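A.B. asks: Got a structure here, written out as structure tokens. Questions coming.
2 protein chains.
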Amino acid sequence: MARPSEFDRDEAIASAIRVFARHGYEAASTSDLIEGMGIGRQSLYGAFGDKRRLFLEALRRYSDGSLALMNEALAGGSPREAIEAALLVGLGDAEDLETGCLGVGSIVEFSRTDAEVNALNDAAATLVVAAFAARVKDGIAAGAFDPGLDPQAAGRMLLTLRSGLKVAARGGAGEDELRQAARLALRGLS
Amino acid sequence: MARPSEFDRDEAIASAIRVFARHGYEAASTSDLIEGMGIGRQSLYGAFGDKRRLFLEALRRYSDGSLALMNEALAGGSPREAIEAALLVGLGDAEDLETGCLGVGSIVEFSRTDAEVNALNDAAATLVVAAFAARVKDGIAAGAFDPGLDPQAAGRMLLTLRSGLKVAARGGAGEDELRQAARLALRGLS
DNA sequence: CTCGTTATGGACTGATTGGTCCATAACCTG
DNA sequence: CAGGTTATGGACCAATCAGTCCATAACGAG
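These protein sequence lines map, in sequence, to chains A and B. Quick note on the working numbering: the first sequence kicks off at 1 and runs consecutively. Quick note on the working numbering: the second sequence kicks off at 1001 and runs consecutively.
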């Protein structure tokens, strides 16, 4: 009934995620986005509303994808191995500086000033904590972790640790350092 | 011999630190800085060069002050108490959103793209890791920590953990949650 | 093939950006 | 009090910002 889009919406958002992850929200100009997404200016505004809407959609999709990766990592192996893998999955390394975390990035950039960003990040944090906590519970049941542990609190610690690992990765830390730090902190669950 | 400055340089930089910590580098406009620092536009450029120079000076001073606070916290109590205190000192809480960490903020915003920012953050990280590591060594000597521990690696883990705590604090976490997370991860040193 | 509808790209907007210019003010030394 | 020097503030600059307008292009339905 009308002219179809020349670009794939999912791919465009994936590209927007990369642009936002690299530059942050404010520093990513609409021209950066247009160039990075490979679409025209009017298409961007027509399909996504405005820069803010595009960012919120990118953040939501990034969080969904990140959670999926973590759940995948959490599904296999012993509780300890699974949690270690989930802590390290998708961090990016010092080589690929394109990789940055939209979640951590938006928290650092916006703090608590934007209600919609808050809602997305709070929801994502809840899911990640719950996923960690479930695996901690498994570990307790299997006798690998301290039975006195509060799984929810342990889940929050692991989310905090993962945030720190993301900052370290963005700051140039190598995979070995990150793994070593993760393992050291993980010992606290025993 | 000439007209003296009407403002105190140290106070002005302290104010600039607050502005940059709240908004980040890019999003802090020169007008924000002028207003926040309480000085005129020409005074800013005359005294600090430009926005970038001002930021670098603010970052250096912030890191110095932050390290001083941590060293103070590290000086007292048992190794475990001291390290816990150092992990939590100066994080700011959910109430005071003005508090943000210039170090973490600049790492997240710039990644490794700016050589001078890299140099400042690398130097600061080295000092923090060393300070933590020294206290870990004390703890090992005192029998409180695992003698098989690599103090340097433990120091890096603690810096990573502190980055995560800063992100969590900026995201709205309360003091209790932060302390609980710190304690849980600290158990990994035993 | 024609018409209604939507997508596209380029020109354009007012606002804001970081930074400069310049006239004037305030100080210290002589 | 006079002269050299630096600080100050307001006007100003080109560049860039996010976002809009409009003429045109590309499609499916009739």
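Beta carbons are placed, not taken as given, at the ideal position from N, Cα and C, and that holds for glycine. Because the structure is a prediction, the values reported are computed rather than measured.
Using three-state DSSP, classify S1005 of chain B as helix, strand or coil.
C.D. replies: Here residue 1005 of chain B refers to the residue found at position 5 of the second sequence. Coil.
A.B. asks: For a cutoff of 8 Å on Cβ pairs, would you count G1148 of chain B as touching chain A?
C.D. replies: Start at 1 with the first residue of the second sequence, and residue 1148 of chain B comes out as number 148. Chain A contact via Cβ: absent.
A.B. asks: Whole angstroms are fine: how far does the CA of I83 of chain A sit from the CA of K137 of chain A?
C.D. replies: By 1-based counting over the first sequence, the position of residue 137 of chain A is 137. By 1-based counting over the first sequence, the position of residue 83 of chain A is 83. Distance between the alpha carbons of K137 of chain A and I83 of chain A: 12 Å.
A.B. asks: Using a Cβ cut-off of 7 Å, pull out every chain A residue sitting near T1160 of chain B, in sequence order please.
C.D. replies: Here residue 1160 of chain B corresponds to residue number 160 of the second sequence, with the count starting at 1. Those are G164, L165, A168 and A181, listed as they occur along chain A.
A.B. asks: Could you name the residues of the region 1123–1144 of chain B whose beta carbon sits closer than 7 Å to any beta carbon of chain A, in the order they occur along the chain?
C.D. replies: Of all residues in the region 1123–1144 of chain B, none has a Cβ within less than 7 Å of some Cβ in chain A.
A.B. asks: Excluding the five sequence neighbours on either side, which residues of its own chain have a C-beta within less than 8 Å of the C-beta of E1116 of chain B, listed in chain order?
C.D. replies: Along the second sequence, one-based indexing puts residue 1116 of chain B at 116. Only L1056 meet the Cβ criterion.
A.B. asks: Report yes if the CB atom of A1144 of chain B is closer than 8 Å to the CB atom of R1080 of chain B, and no otherwise.
C.D. replies: Position 144 of the second sequence, counted from the first residue, corresponds to residue 1144 of chain B. Position 80 of the second sequence, counted from the first residue, corresponds to residue 1080 of chain B. In contact: A1144 of chain B and R1080 of chain B (Cβ atoms closer than 8 Å).
A.B. asks: Against E72 of chain A, what residues of chain B qualify as contacts under a CB-to-CB distance less than 7 Å, listed in chain order?
C.D. replies: Counted from its first residue, the first sequence places residue 72 of chain A at position 72. Going along chain B, no residue has its Cβ under 7 Å from E72 of chain A, so there is no contact; the nearest lies around 22 Å.
A.B. asks: Cβ closer than 7 Å: which chain A residues qualify as neighbours of I1107 of chain B?
C.D. replies: Mapped onto the second sequence, residue 1107 of chain B falls at position 107. The contacting residues are V167, R170 and G171.
A.B. asks: I need the boundaries of the alpha helix (DSSP H) containing S1106 of chain B, first residue and last residue.
C.D. replies: Here residue 1106 of chain B refers to the residue found at position 106 of the second sequence. Looking at the DSSP string, the run of the alpha helix (DSSP H) that includes S1106 of chain B is L1102 to F1110.
A.B. asks: Taking only three categories from DSSP, how would you classify P1147 of chain B?
C.D. replies: Within the second sequence, the letter at position 147 stands for residue 1147 of chain B. It is coil, neither helix nor strand.
A.B. asks: How about the region 1147–1159 of chain B and the region 169–186 of chain A: do they share at least three Cβ pairs that are nearer than 8 Å?
C.D. replies: The region 1147–1159 of chain B vs the region 169–186 of chain A: in contact.
A.B. asks: Report back the beta-carbon spacing between L1074 of chain B and A1086 of chain B to the nearest angstrom; my notes put them in contact at under 8 Å.
C.D. replies: The count along the second sequence starts at 1 and reaches residue 1074 of chain B at position 74. The count along the second sequence starts at 1 and reaches residue 1086 of chain B at position 86. Their Cβ separation, rounded to whole angstroms, is 5 Å, which keeps L1074 of chain B and A1086 of chain B in contact under 8 Å.
A.B. asks: Name the chain B residues that come within less than 7 Å of V104 of chain A, Cβ to Cβ?
C.D. replies: The count along the first sequence starts at 1 and reaches residue 104 of chain A at position 104. By Cβ distance, chain B contributes V1108 and V1167.
A.B. asks: For D64 of chain A and A123 of chain A, what's the separation of their Cα atoms in angstroms?
C.D. replies: On the first sequence, residue 64 of chain A is found 64 positions in, with the first residue counted as 1. On the first sequence, residue 123 of chain A is found 123 positions in, with the first residue counted as 1. D64 of chain A and A123 of chain A: Cα-Cα distance of roughly 10 Å.
A.B. asks: Would you say S1078 of chain B faces chain A, with C-beta separation under 8 Å as the test?
C.D. replies: Within the second sequence, the letter at position 78 stands for residue 1078 of chain B. It does not: the Cβ of S1078 of chain B has no partner Cβ on chain A nearer than 8 Å.
A.B. asks: Give the single residue among A:D8, A:R61, A:A173 and A:G76 whose Cα lies nearest to the Cα of M37 of chain A.
C.D. replies: Position 37 of the first sequence holds residue 37 of chain A. Taking only the C-alpha atoms, the option nearest M37 of chain A is A:D8.
A.B. asks: Ignore the nearest five residues each way along the sequence and tell me which others in S1078 of chain B's own chain have a CB closer than 6 Å to its CB.
C.D. replies: The residue you call residue 1078 of chain B lines up with position 78 of the second sequence. Once the five neighbours on either side are set aside, S1078 of chain B has no close Cβ partner at all.
A.B. asks: Which whole-angstrom value is the C-beta distance of G1164 of chain B and E109 of chain A, which I expect to be below 8 Å?
C.D. replies: For this step, residue 1164 of chain B is matched to residue 164 along the second sequence. For this step, residue 109 of chain A is matched to residue 109 along the first sequence. Incorrect: roughly 17 Å between the Cβ atoms, too far for contact.
A.B. asks: Which one of A:T30, A:R18, A:S43 and A:A16 has the shortest CA to CA distance from S5 of chain A?
C.D. replies: Taking the first sequence and counting its residues from 1, the one referred to as residue 5 of chain A is at position 5. For the residues A:T30, A:R18, A:S43 and A:A16, the minimum Cα distance to S5 of chain A belongs to A:S43.
A.B. asks: Could you check if R1135 of chain B is buried or exposed, using at least 16 other CB atoms within 10 Å of its CB as the buried criterion?
C.D. replies: If you number the second sequence from 1, residue 1135 of chain B lands on position 135. Buried, by the Cβ-count rule.
A.B. asks: Can you tell me whether R162 of chain A is buried or exposed? The criterion is at least 16 other CB atoms within 10 Å of its CB, across all chains shown.
C.D. replies: Walking along the first sequence from the start, residue 162 of chain A turns up at place 162. Buried, by the Cβ-count rule.
A.B. asks: Might you give, ordered along the chain, the residues of its own chain that have their beta carbon closer than 7 Å to the beta carbon of F20 of chain A, omitting 5 neighbours on each side?
C.D. replies: Along the first sequence, read from residue 1 onward, the residue named residue 20 of chain A stands at position 20. Excluding positions up to five away in sequence, the list reads A28, F55, A58 and L102.
A.B. asks: Is there a Cβ of chain A sitting closer than 8 Å to that of L1186 of chain B, yes or no?
C.D. replies: Position 186 of the second sequence, counted from the start, is the residue given in the question as residue 1186 of chain B. L1186 of chain B counts as touching chain A.
A.B. asks: For G36 of chain A, would you say it is in contact with chain B, using Cβ-to-Cβ distances shorter than 8 Å as the test?
C.D. replies: Position 36 of the first sequence, counted from the start, is the residue given in the question as residue 36 of chain A. No, no contact with chain B.
A.B. asks: Is it true that the CB of V129 of chain A sits closer than 8 Å to the CB of Q152 of chain A?
C.D. replies: Position 152 of the first sequence, counted from the start, is the residue given in the question as residue 152 of chain A. Position 129 of the first sequence, counted from the start, is the residue given in the question as residue 129 of chain A. Yes.
A.B. asks: Would you call the CB atoms of S66 of chain A and G100 of chain A closer than 8 Å?
C.D. replies: For the purposes of this step, residue 66 of chain A is taken as the residue at position 66 of the first sequence. For the purposes of this step, residue 100 of chain A is taken as the residue at position 100 of the first sequence. Going by C-beta atoms, S66 of chain A is not nearer than 8 Å to G100 of chain A.
A.B. asks: When the cut-off is 8 Å and only beta carbons count, does E1116 of chain B lie next to chain A?
C.D. replies: Residue mapping note: residue 1116 of chain B aligns to position 116 of the second sequence, counting from 1. Output row for E1116 of chain B: interface = no.
A.B. asks: Measure the alpha-carbon distance for R1003 of chain B versus G1040 of chain B and round it to whole angstroms.
C.D. replies: Sequence index remark: in the second sequence, residue 1003 of chain B carries index 3 (1-based). Sequence index remark: in the second sequence, residue 1040 of chain B carries index 40 (1-based). Near 15 Å, if we compare the C-alpha coordinates of G1040 of chain B and R1003 of chain B.
A.B. asks: Under a three-way DSSP split, which group does I39 of chain A fall into?
C.D. replies: The sequence position of residue 39 of chain A within the first sequence is 39, counting from 1. The answer is coil: DSSP assigns I39 of chain A none of H, G, I, E or B.
A.B. asks: Please list the terminal residues of the continuous alpha helix (DSSP H) segment that includes Y62 of chain A.
C.D. replies: If you number the first sequence from 1, residue 62 of chain A lands on position 62. Looking at the DSSP string, the run of the alpha helix (DSSP H) that includes Y62 of chain A is K51 to A75.
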